[in-house]
Amino acid sequence: MGHALWGYDGECFQLHGHNYTCLITVSALDGLTDTGFVMDFGDIKERVAKIVDDQWDHKTLLNQDDPRFDTLTSEHGVLRVPWNPTAENLAASIFVLAQKAVEEDFGVLVEKIILWETDTAYAEISRR
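What the sequence shown shows, in our numbering, is residues 1 to 128, in sequence order.
Okay, structure coming up:
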């Protein structure tokens, strides 16, 4: 996914991209399933990764105030978002998407999202 940080005085102001890695932590509301799972990893991947991939894979996210959007439009795979597309804001957005995708249907709570932007830089959002 590509992005640029509007109003930021640093290298991340420029259009660039990352191969993000996401860790989702869930907890069981009523104990483990009969097979000993909190939740099947395949269900998490099917529900959450599909939503994230459908929305953001091979896309570039720009803040809605970024004038570069006027040149690079949605037909070029550019999406306008109401926040700067930082790892922190992306993780917070994934947290909400994950809650909607799995909590009610699977009887779990999304506890934490860790989103690695690089091997050494990540953002963590947790329920508190």
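Cβ coordinates follow ideal geometry from the N, Cα and C atoms, glycine included. Only a predicted model underlies this, so the values are computations on that prediction, with no experimental measurement involved.
Looking at residue i: is its Cβ nearer than 8 Å to the Cβ of residue j?
i	j	result
Thr25	Glu117	no
Val78	Met39	no
Gln64	Pro85	no
Gly107	Asp34	no
Using DSSP's beta-bridge definition, name the partner residues of residue i.
i	result
Ser126	Lys112
Ile24	Ile113
Arg80	Leu62
Gly42	Gly42 pairs with nothing; no bridge assigned.
Taking residue i as the reference, give the member of the options with the closest Cα.
i	options	result
Leu5	Ala87, Thr71, Phe41 and Gly107	Ala87
His18	Met1, Gly7 and Leu29	Met1
Ile114	Val78, Ile125, Pro82 and Asp105	Ile125
Trp56	Pro67, Ser93, Ser27 and Asp65	Ser93
Margin query: Count Cβ pairs between the region 49 to 59 and the region 94 to 101 that sit closer than 8 Å; are there 3 or more?
Written below: At 8 Å Cβ cutoff, the stretches touch.
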